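Under our numbering, think of the first position of the sequence shown as 429, with each following residue one higher.
Ideal Cβ positions, reconstructed from N, Cα and C, are used throughout, including at glycine.
Please read all numbers here as calculations on a predicted model, not as lab measurements.
Take a look at the structure set out below.
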Amino acid sequence: MIDRLLQEQAAFEAALSAVDDEDGLYRLQVAFLGKKGSITGLSKQMGALSPAERKSLGAELNRVKDAIAAAIEGRRVALLDAARSRDLARVEDLTMPPLQAPIGTLHPLTLARRALEKTFRRMGFDVAEGPHVEHGAYNFDALNIAANHPARDMQDTFFVRPRAGQPPTELVLRTHTSPVQVRTMLDGGRPPPIRVIAPGTVFRVDDDATHSPMFHQIEGLYVDRGVTMADLKATLLQFTSAFFGRSLAVRLRPSYFPFVEPGAECDMQCPFCQRARGGVCAVCKGSGWIELGGAGMVHPAVFEAVGIDPEIYTGWAFGFGIDRMAMLMYEIPDLRLMFDGDVRFLRGFAG
Ligand code: PHE
Numbered sequence: 429m430i431d432r433l434l435q436e437q438a439a440f441e442a443a444l445s446a447v448d449d450e451d452g453l454y455r456l457q458v459a460f461l462g463k464k465g466s467i468t469g470l471s472k473q474m475g476a477l478s479p480a481e482r483k484s485l486g487a488e489l490n491r492v493k494d495a496i497a498a499a500i501e502g503r504r505v506a507l508l509d510a511a512r513s514r515d516l517a518r519v520e521d522l523t524m525p526p527l528q529a530p531i532g533t534l535h536p537l538t539l540a541r542r543a544l545e546k547t548f549r550r551m552g553f554d555v556a557e558g559p560h561v562e563h564g565a566y567n568f569d570a571l572n573i574a575a576n577h578p579a580r581d582m583q584d585t586f587f588v589r590p591r592a593g594q595p596p597t598e599l600v601l602r603t604h605t606s607p608v609q610v611r612t613m614l615d616g617g618r619p620p621p622i623r624v625i626a627p628g629t630v631f632r633v634d635d636d637a638t639h640s641p642m643f644h645q646i647e648g649l650y651v652d653r654g655v656t657m658a659d660l661k662a663t664l665l666q667f668t669s670a671f672f673g674r675s676l677a678v679r680l681r682p683s684y685f686p687f688v689e690p691g692a693e694c695d696m697q698c699p700f701c702q703r704a705r706g707g708v709c710a711v712c713k714g715s716g717w718i719e720l721g722g723a724g725m726v727h728p729a730v731f732e733a734v735g736i737d738p739e740i741y742t743g744w745a746f747g748f749g750i751d752r753m754a755m756l757m758y759e760i761p762d763l764r765l766m767f768d769g770d771v772r773f774l775r776g777f778a779g
């Protein structure tokens, strides 16, 4: 019987080394130690032995039983450990800090546009918008820009071919935000008084260090009874002091735009001159003035084109570039930096 016991033990050890999962281990446990297991079978035969034999065999039987039970338990722990290590190995390194969700920053132009909108909203202006692809009729005709005006030249304007089957209207990438004036005044829900600004993207065939084919303007329009050029100047003065935090002079120089009469170029006193430190101010090149853009009193022909009676109403409009304003605000040296989309540059404007 001792021999059989030792054979069973050897058989168990051989079988155990082939086991590689918990199921197999459980089947092994049943086969040897279960109710009908081989070791259990042997212990049942002990009754037929003499007391002396029973004693020595009993001790041996217990030793083998314990050894088998311990081996099974040991393997079970090893299998569990291995399974856990496999689970853990599926992630690269649990001690690694979590990935930071990348948080974007606002583009300097967006920051500048929002600051402008906020300033004008406080002054009672609404914010209006228009499409980038605009009717020639709104971009030119209603603004009193004649058919032979150079702005309508292919050299200056991106013309858009209407889709096949669409009426052959003249379509352009808007060359300025002034068509939003037309759209706002045509809007039946908005009879005078009208007070809007319209910031947005505009397009011209232009590309060098200081001109981009795509740039941004902010249009202003104020129409009511008795509006004069003095209102324009007062609004600009109020705007510059609200925007730059201190009062700055504004200068109007006579100029020509077909949709205003009289028309003017607007300049603002350079807010950076005190940084010149004895030398010439790098921002205004020592002139003391910074160009804002065009402005003037809305031309009666424009009022007529949108159905507003120029005998009753007058108004002013302006159109300023905002790219340059953002460059001034954030001291950006090159216009193209704003449109290159280089995140190393853009990351500098968190906030
Ligand atoms: N639209 C003109 C331009 O782009 C600027 C302007 C706007 C001038 C409003 C006068 C009045 O140059």
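The shortest C-alpha to C-alpha distance from Gln666 to any of Arg549, Val588, His727 is the one to Arg549. The three-state reading of DSSP puts Ile467 in helix, counting H, G and I together.
By the beta-carbon neighbour count (other beta carbons within 10 angstroms, threshold 16), Met582 is exposed. In the three-state reduction of the DSSP assignment, Phe631 falls in the strand class, which pools E and B. By the criterion of at least three beta-carbon pairs nearer than 8 Å, the stretch 531-540 is not in contact with the stretch 599-618. The count of Cβ pairs closer than 8 Å, one atom from the stretch 758-773 and one from the stretch 645-656, stays below three, leaving the stretches out of contact.
Of the heavy atoms belonging to the ligand PHE, none sits nearer than 7 Å to the Cβ of Gln583. Going by beta carbons, Leu453 and Leu508 fall outside the 8 Å limit. Under DSSP, Arg602 forms no beta bridge with any residue. The straight-line gap separating the alpha-carbon atoms of Asp569 and Arg772 is approximately 43 Å.
Under DSSP, Val678 shares a beta bridge with Met696. The C-alpha of Ala480 lies about 14 Å from the C-alpha of Leu489. Residue Ala556 holds the alpha-carbon nearest to the alpha-carbon of Arg618 among Ala556, Ser513, His644.
Close CB contacts of Pro686 within its chain, under the 6 Å cut and outside five residues either way in sequence, are with Asn572, Ile573 (chain order).
Straight-line spacing of the CA atoms in Gln697 and Gly716 works out to 6 Å.
Per DSSP, the unbroken beta strand (DSSP E) holding Ala723 starts and ends at 717-726.
Taking a 10 Å sphere around the C-beta of Leu434, we find fewer than 16 other C-beta atoms and assign the residue as exposed.
For Ser606, the shortest C-beta to heavy atom distance toward the ligand PHE is below 7 Å. Assignment of beta strand (DSSP E) within the stretch 555-580, counting only whole runs of 3 or more residues, yields 561-563 in chain order. Straight across, the Cα-Cα distance linking Phe440 with Arg503 is about 13 Å.
The beta carbon of Phe685 sits closer than 7 Å to at least one heavy atom of the ligand PHE. Going by DSSP, Asp521 is part of no alpha helix (DSSP H) at all; its letter is neither H nor E. Distance between Glu719 and Pro525, taken at the CA atoms: about 50 Å. Distance from the CA of Leu599 to the CA of Arg542, rounded to the nearest whole angstrom, comes to 29 Å.
By the Cβ rule, the stretch 667-676 does not count as touching the stretch 722-742, because fewer than three pairs are nearer than 8 Å.
Under the DSSP assignment, Leu649 falls in the beta strand (DSSP E) whose first and last residues are 642-652.
Contact check between the stretch 584-594 and the stretch 621-628: fewer than three CB pairs, one atom from each, fall below 8 Å, which does not count as touching. Non-local C-beta neighbours of Tyr684 in its own chain, meaning closer than 6 Å and more than five positions away in sequence, comprise Gly691, ordered along the chain.
If you ignore the 5 residues before and after Gln645, its C-beta comes within less than 8 Å of the C-beta of His604, Thr605, Pro627, Gly628, Val630, Gly721, Gly747, Phe748, Gly749, Ile750, all in its own chain and listed in chain order.
For Glu719, the Cβ stays outside the 7 Å cut-off from all heavy atoms of the ligand PHE. When the Cα atoms are used, Thr668 and Ala592 turn out to be separated by approximately 47 Å.
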